[in-house]
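A.B. asks:
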Amino acid sequence: MKMRSSKTLVLYPGTNKVTACNFLTRSVFECSPEVIGLLASWDEWASPAEISRAHGWSTSDLSAVVPQLLDFSALVTAGSPLAEQETRFSGQWNWGIPTALMHFCVQDSEFMTIEQAEARQIERAGHVAQPDLMLKNAAGAIRLPNALDDNELLTLMARRRTNRTAAAPTITARQLSDCLFAGMGITGETSNCVGALPLGMTPSGGARNPYEAYVVALGVEGLEPGVYHYSAADHDLGRISANHLPKISELVGGQEWADAMPCLILLCARLDRTMWKYEDANAYRVVLIEAGHIGQNMMLAATRHGLSACPTAALSHSAIKRLLGLDRLTDAPIYALTLSTPEPNPHSVGQSVN
1 MKMRSSKTLV
11 LYPGTNKVTA
21 CNFLTRSVFE
31 CSPEVIGLLA
41 SWDEWASPAE
51 ISRAHGWSTS
61 DLSAVVPQLL
71 DFSALVTAGS
81 PLAEQETRFS
91 GQWNWGIPTA
101 LMHFCVQDSE
111 FMTIEQAEAR
121 QIERAGHVAQ
131 PDLMLKNAAG
141 AIRLPNALDD
151 NELLTLMARR
161 RTNRTAAAPT
171 ITARQLSDCL
181 FAGMGITGET
191 SNCVGALPLG
201 MTPSGGARNP
211 YEAYVVALGV
221 EGLEPGVYHY
231 SAADHDLGRI
241 SANHLPKISE
251 LVGGQEWADA
261 MPCLILLCAR
271 LDRTMWKYED
281 ANAYRVVLIE
291 AGHIGQNMML
301 AATRHGLSAC
311 PTAALSHSAI
321 KRLLGLDRLT
331 DAPIYALTLS
341 TPEPNPHSVG
351 QSVN
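Numbering-wise (UniProt numbering), the sequence shown opens with residue 1 and increments by one.
Below is the structure:
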């Protein structure tokens, strides 16, 4: 059986050990300098017997270490799914290893429950002082005019709150429509040296518009429960064929409060759109920033309708990609928002308001 060392393995030294991480599989393990030497010499497809003859490793030593290295995805078998995934990575990813390490290692993270997170904060507050959450100027700073006086836009913005309780099981199609258009709508067209570029409701680096929006509609009046793609080009919804209609919590890291929400908007980046123009890895940061632009517009449109849009980055990435049929390595769920009519009492039990 032919195998070789993984091309997506990152190594970093420690005291008397080396820690290795395969960022495509998120496998982290410790190994000895001797094993590092083995991996370095096994950089082309070869059988253990060939490596033994070429580099002097005994058959018994290789028999002991190879299964472990395969388990850790330090070694890759020819024709395996991991080998195919590495081939896709080398052909599709243009932003280098450091950015890939961050991007892939945060996929499908394990998330704490609200109770666990609160317990951790309480424990930490007992021995580590919190940093200041706001900085104030010294006396004598210049006072600015009151921002909310006779300012309809800022008054609307000031009403925005994240409220994780739903007072009604449905929202209207018009409410959903306005939220989608506010974040993703196309309002015009411009052009550059290579052709036409869409202009949207939010700024986009190089007008590359990397995001697509998807809706998991469970309680939207006028829509059959299902999964939909929002086409910003035509301002319409196309139903996606899905094997099942999941609970929203299945898509947002097990957050059970989300199951009471009428719908979920998923923002998924097509990273290749931005990669095509920008080879600099800083463009990855730009794509993440754009999700914030889109989400804020959606939240303000929701506020205008008396809704609460609850944003979250706690995503079950693989489950989302399977649901939406996103099989390319450069398709990346980034951000999500639920929409609901909030409970009027901002201090309801189990609610987060911010």
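All C-beta atoms in this analysis are idealised placements derived from N, C-alpha and C, irrespective of residue type, glycine included.
Quick caveat: nothing in here was measured; it's all calculated off a predicted structure.
Is there contact between the region 69-86 and the region 288-296, where contact requires at least three CB pairs shorter than 8 Å?
C.D. replies: Cβ pair count under 8 Å is below three, so no.
A.B. asks: If you run the structure through DSSP and keep just helix, strand and coil, what is H229?
C.D. replies: Three-state result, H229: strand.
A.B. asks: Taking L38 and S52 to be in contact with their CB atoms under 8 Å, please state how far apart those CB atoms are, rounded to whole angstroms.
C.D. replies: So it is not a contact: roughly 11 Å between Cβ atoms.
A.B. asks: In the DSSP output, which residue or residues are listed as bridge partners for F29?
C.D. replies: In the DSSP output, where bridge partners are listed per residue, F29 has A20.
A.B. asks: Hey, could you find the ends of the beta strand (DSSP E) residue 361 is sitting in?
C.D. replies: In the structure as shown, the chain begins at 1 and stops at 354. Residue 361 is therefore absent and cannot be evaluated.
A.B. asks: Specify the secondary structure class of I142 as computed by DSSP and reduced to three states.
C.D. replies: I142 falls in the coil class under three-state DSSP.
A.B. asks: Round the Cβ separation of L323 and P246 to the nearest angstrom and send it over; I've been treating them as touching at under 8 Å.
C.D. replies: Yes, L323 and P246 are in contact; Cβ-Cβ is about 6 Å, under 8 Å.
A.B. asks: So for P203, helix, strand or coil by DSSP?
C.D. replies: It is coil, neither helix nor strand.
A.B. asks: Roughly how many angstroms lie between the CA atoms of S340 and L24, to the nearest whole one?
C.D. replies: About 36 Å.
A.B. asks: Measuring CA to CA, which of I294, N209 and S109 is closest to A196?
C.D. replies: With distances taken between Cα atoms, A196 lies closest to N209.
A.B. asks: Give the DSSP-derived three-state secondary structure of M157 in the structure shown.
C.D. replies: Residue state, collapsed to three classes: helix.
A.B. asks: Judging by CA-CA distance, which residue of F89, G254 and V215 is the nearest neighbour of D236?
C.D. replies: For D236, the nearest C-alpha among the options comes from V215.
A.B. asks: Should C263 and A319 be called a contact, given that it needs their Cβ atoms to be closer than 7 Å?
C.D. replies: No, Cβ-Cβ distance for C263 and A319 is not below 7 Å.
A.B. asks: With DSSP collapsed to three states, give me the class of C105.
C.D. replies: C105: helix per DSSP, three-state reduction.
A.B. asks: Hey, out of M275, V65, R120 and T170, whose CA is closest to E224's CA?
C.D. replies: Comparing Cα positions, the closest option is T170.
A.B. asks: List the whole-angstrom C-beta distance separating R239 from G226, where the pair is believed to meet the contact cut-off of C-beta under 8 Å.
C.D. replies: Their Cβ separation, rounded to whole angstroms, is 5 Å, which keeps R239 and G226 in contact under 8 Å.
A.B. asks: Compare the Cα-Cα distances from C193 to each of W42, K277, P333 and T15 and report the closest residue.
C.D. replies: Of the candidates W42, K277, P333 and T15, the one whose C-alpha sits nearest the C-alpha of C193 is K277.
A.B. asks: Across the region 109-122 and the region 41-57, are there enough close Cβ pairs to call them in contact, namely three or more that are closer than 8 Å?
C.D. replies: Segments in contact, no.
A.B. asks: Mind checking who Y214 pairs with in its DSSP beta bridge?
C.D. replies: Paired residue(s): H229 and L266.
A.B. asks: Using DSSP bridges, identify the partner residues of A302.
C.D. replies: Note: A302 sits in no beta bridge, so no partner.
A.B. asks: Out of curiosity, what's the CA-to-CA distance linking V106 and Y284?
C.D. replies: So the alpha carbons of these two residues sit roughly 14 Å apart.
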